[in-house]
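These notes are about the structure you will find just below.
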Amino acid sequence: MNGIAKAIDSVIATVAPQTALKRTAARKKMQILNSGYSNYGANTTKKSLIGWNYAGGSAREDINDNLSVLRQRSRDLYMGVPIATGAVKTMRTNVVGRGLMLKPTVDAETLKITAAQAQQLEKEITREWALWAESPDCDMARIDNFYELQQLAFLNWLASGDTLVLLPTKKRINQPYDLRVQLVEADRLSSPNNFDTFDNQIVGGVEVDKDGEVVAYHFSKHHPLSYANERMEWQRVEAYGKKTGRKNVLHLMCRERIDQRRGVPFLAPVIEALKQLGRYTDAELIAAVISGLFTVFIEKESNEDGEPVGSGIAEEDLIDEEDENSLELGPGAILDLAEGEKAHDINPGRPNKNFSGFIEAICRQIGAALEIPYELLLKHFTSSYSASRGALEEAWKMFKMYRAWMANDFCQPVYEEWLAEAVAKGRIKAPGFFTDPLRRKAYCKAQWNGPARGLLNPVQEVGAAVTRVENGFSTRSAETMEMAGGDFYSNCDQLKQEEKKLKEVRKIANAGEQKPGSAAGQQGNGTKPGEPAEQQDDNRTKHGEPEEQQDSNGQQGEKPVRSDTE
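Going from the sequence shown to our numbering is simple: count from 1 and add 6.
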């Protein structure tokens, strides 16, 4: 109860005690009714909560109205704060890495084909896909291949909260496929004239119909923050083709709210913490540098003209010479002081022994918010094996989630568009692809494999993988993908070739050892080719050793011959 209410109750109690009693009873009843969250998180009278400034709105007010500032600040942190840069690149490297690799997994049962036919079809698809995906021709800008485009798209999503992907067609020489991937930065997706409609039909450049379905996207002609001397215009692109239902735009974003139409930068929840941490790090670094500069100040009774002893800092080393109020320090510098001025020795106490502990404490909070364990965020593995393994396991739960999202929202839709073109042009035979949606889905089924997680104890973890396979808890294909990022069947084909070559090498080596004639026989008798027979006989015995003993010991120089089965 605040002071005013208490004063009013005191006056009423003096003038009308009965009324004051009723007021007290009514207040007690209100306290009974005021239960649940109103006594805790929703309380507005507690001193610990009364100063909380809060306000809420829809996804439009809470997210879309703040996106421009969030994007610019997130990019600034990425460019200038090491922890922010490390967090973004850690995500990029572990989720996408060198790129999510395609592994077609045609549904043979649905297509009613044999396993051998399915495997052959998968090989044909893989060859054709490599022709397009591994070439810069797949990029509308003709700079990156498809795997590099994945890195760029994911990195831009982390920094901006959105990545827009257009799928135009354009013919190019020596490229049988016309599909192109065009990435568009999030800032260019905006409402015409930068004004959202009052009826929420167009918000943040995303247009919906009366049912809330996304029907179109509005893109500005150039980046709104650029200095391009062009008139700002907008182009409306329909989300799906009216006749074919083809996806014209892929919108990469992770929604946090219902009715949310634009994504939030990855670093948004920790922007303030990262910025303050960057300022603190800069301050500590500057203090340490100043602490390392030993500068002598000379105090004189009169302000004489002329250079001080030692002549201070060299002219070419001065940074702010034009500012008369600027006093520069330098290593081993001797500076003059004006009359009456005194210099005091100040020890900043740098490097700060508490710096590392404070940074670690803040980084633990930042890592918790971003789902990146502190050890991985700082690349600092000094704990026990179990602790480090637990941290990596938690991180990989998050990495797998984002990898699946990236595959579903970017890689798979692009692959399906490419496969449709390949079938339409007759480069891949897929009966029923355009007539039966179920068969089309069976043809398009695929896995997207990314970089494998590191092994802290390879021997122990490989042994665990073998045990899982032997007990049916996992498969060789799954373990190969998890541990090495490869394909089990491709490994088998490669091993067949390697074993075949190795057998040929062993056969040649064994044939050389067993070769009949003078070379092998003479070497077996301890002689060299072309030696006289008398000398050959002499070589059979050494230092008067009996021939019988020589024979029992076996022939000199003869080696046991290993069979192919060994």
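C-beta atoms are modelled at their ideal positions from N, C-alpha and C, and glycine is treated no differently.
- Query: In the DSSP assignment, what are the bridge partners of Pro110?
  - Reply: In the DSSP assignment, Pro110 forms a beta bridge with Ala452.
- Query: According to the neighbour-count rule (16 or more other Cβ atoms, all chains shown, within 10 Å of its Cβ), is Ala11 buried or exposed?
  - Reply: It counts as exposed.
- Task: Could you give the DSSP three-state label for Pro566: helix, strand or coil?
- Result: Low confidence applies here, because Pro566 scores a pLDDT of 44, under 50, leaving its location unreliable; read the following figure in that light. Pro566 falls in the coil class under three-state DSSP.
- Query: When burial is assigned at 16 or more other CB atoms within 10 Å of the CB, is Asp543 buried or exposed?
  - Reply: Low confidence applies here, because Asp543 scores a pLDDT of 47, under 50, leaving its location unreliable and the question unanswered by this model.
- Query: What do you get for Val21, buried or exposed, if any count of 16 or more other CB atoms within 10 angstroms of its CB means buried?
  - Reply: So Val21 ends up on the exposed side.
- Item | Ile14 classed as buried or exposed, judged by whether at least 16 other C-beta atoms fall within 10 angstroms | Answer is exposed; the Cβ neighbour count stays below 16.
- C-alpha distance - Ile378 paired with Arg33, whole-angstrom precision: Distance between the alpha carbons of Ile378 and Arg33 is about 49 Å.
- Query: Cα-Cα, which of Thr50, Leu508, Phe272 and Gln207 is closest to Leu376?
  - Reply: Put simply, of Thr50, Leu508, Phe272 and Gln207 the residue whose alpha carbon is nearest the alpha carbon of Leu376 is Phe272.
- Is the number of C-beta pairs between the region 439-451 and the region 109-117 that are closer than 8 Å three or more? Segments in contact, yes.
- Task: Taking the CB atoms as reference points, tell me whether Arg79 and Ile277 lie closer together than 9 Å.
- Result: Against a cut-off of 9 Å, the Cβ pair of Ile277 and Arg79 comes out as a contact.
- Query: Between the region 137-152 and the region 483-495, do at least 3 Cβ pairs fall closer than 8 Å?
  - Reply: No: fewer than three Cβ pairs fall under 8 Å.
- In its own chain, which residues sit with a C-beta less than 8 Å from the C-beta of Gln156, not counting the 5 before and 5 after it? Within the same chain, and ignoring the five residues on either side of Gln156 in sequence, the residues whose Cβ sits closer than 8 Å to its Cβ are Val102, Gly105, Leu106, Met412, Phe416 and Cys417.
- Alpha carbon to alpha carbon, how far is Met238 from His228? One alpha carbon belongs to Met238, the other to His228, and they sit about 7 Å apart.
- Roughly how far, in whole angstroms, is the beta-carbon of Arg395 from the beta-carbon of Tyr380, given that I think they are within contact range, below 8 Å? For Arg395 against Tyr380, the beta-carbon gap comes to about 15 Å, at or over 8 Å, which does not count as contact.
- Query: Of all the beta strand (DSSP E) runs that stay within the bounds of the region 60-134, which reach a length of 3 or more residues?
  - Reply: For the beta strand (DSSP E) assignment, the uninterrupted runs of no fewer than 3 residues enclosed by the region 60-134 are, from N- to C-terminal side, 107-110.
- Report buried or exposed for Thr441, applying the criterion of at least 16 other Cβ atoms within 10 angstroms of its Cβ. Flag for Thr441 reads exposed.
- In terms of residue numbering, what span does the alpha helix (DSSP H) encompassing Val475 cover? Note, Val475: alpha helix (DSSP H), Pro464 to Glu476.
- Query: Out of Ala90, Pro443 and Pro23, which has the shortest C-alpha to C-alpha gap to Ile368?
  - Reply: Nearest to Ile368 by C-alpha distance, out of Ala90, Pro443 and Pro23, is Ala90.
- Task: Can you say whether Arg148 is buried or exposed, counting buried as having 16 or more other CB atoms within 10 angstroms of its CB?
- Result: Counting Cβ neighbours within 10 Å, Arg148 comes out exposed, since fewer than 16 surround it.
- Query: Using DSSP with H/G/I as helix, E/B as strand and the rest coil, what is Arg575?
  - Reply: Summary: the structure shown does not reach residue 575, with the chain confined to residues 7 through 572, and so no result is reported for it.
- Query: Within 9 Å (strictly less), CB to CB, does Arg194 reach chain C?
  - Reply: Of the protein chains in the structure, only one exists, and it is not chain C.
- Query: Quick one: is Trp58 buried, meaning 16 or more other Cβ sit within 10 Å of its Cβ, or exposed?
  - Reply: Exposed: under 16 other Cβ atoms inside 10 Å.
- Can you list, in chain order, the residues of its chain whose CB lies under 6 Å from that of Pro357, leaving out five sequence neighbours each side? Same-chain partners within the cutoff: Ala294.
- Message: Between the alpha carbons of Gly478 and Lys506, how many angstroms are there, rounded?
- Response: Between the alpha carbons of Gly478 and Lys506 lies a gap of roughly 30 Å.
- Message: Rounded to the nearest angstrom, what separates Asp82 and Ala31 at their Cα positions?
- Response: Just so you know, the alpha carbons of Asp82 and Ala31 end up roughly 58 Å apart.
- Query: Going by C-alpha distance, which of Phe160, Glu154 and Ala65 is nearest Lys95?
  - Reply: With distances taken between Cα atoms, Lys95 lies closest to Phe160.
- Exposure label - Asp205; buried when at least 16 CB within 10 Å: Flag for Asp205 reads exposed.
- Item | As assigned by DSSP and simplified to three states, the class of Phe204 | In the structure shown, Phe204 sits in coil (DSSP, three-state: anything other than H, G, I, E or B).
- Message: Are the CB atoms of Val255 and Val171 within a distance shorter than 9 Å?
- Response: Cβ atoms of Val171 and Val255: closer than 9 Å.
- Message: Whole angstroms are fine: how far does the CA of Arg512 sit from the CA of Asn545?
- Response: For Asn545, the pLDDT reaches just 47, beneath the cut-off of 50, and the residue's location in the model is therefore unreliable, leaving the point undetermined.
- Message: Buried or exposed for Gln55, going by 16 or more other Cβ atoms inside 10 Å?
- Response: Here residue 55 is Leu; the residue named in the question, Gln, does not match the sequence. Around the beta carbon of Leu55, fewer than 16 other beta carbons sit within 10 angstroms, so the residue counts as exposed.
- Can you say whether Ala93 is buried or exposed, counting buried as having 16 or more other CB atoms within 10 angstroms of its CB? Residue environment: Ala93 is assigned as buried (16 or more neighbouring CB atoms within 10 Å of its CB, all protein chains considered).
- Query: In angstroms, rounded to a whole number, what distance separates the CA positions of Lys118 and Lys129?
  - Reply: Looking at the two C-alpha atoms, the distance is approximately 18 Å.
- Among Thr120, Glu154 and Gly47, which has the Cα closest to the Cα of Thr99? Ranking Thr120, Glu154 and Gly47 by Cα distance to Thr99 puts Glu154 first.
- Message: Give me, in chain order, the residues of the same chain whose beta-carbon lies closer than 7 Å to that of Phe405; leave out the 5 immediate sequence neighbours on both sides.
- Response: Cβ neighbours of Phe405 beyond the five flanking positions: Asn100 and Val101.
- Query: Is it true that the region 422-442 meets the region 382-402, where meeting means three or more beta-carbon pairs spaced less than 8 Å apart?
  - Reply: No, they do not touch.
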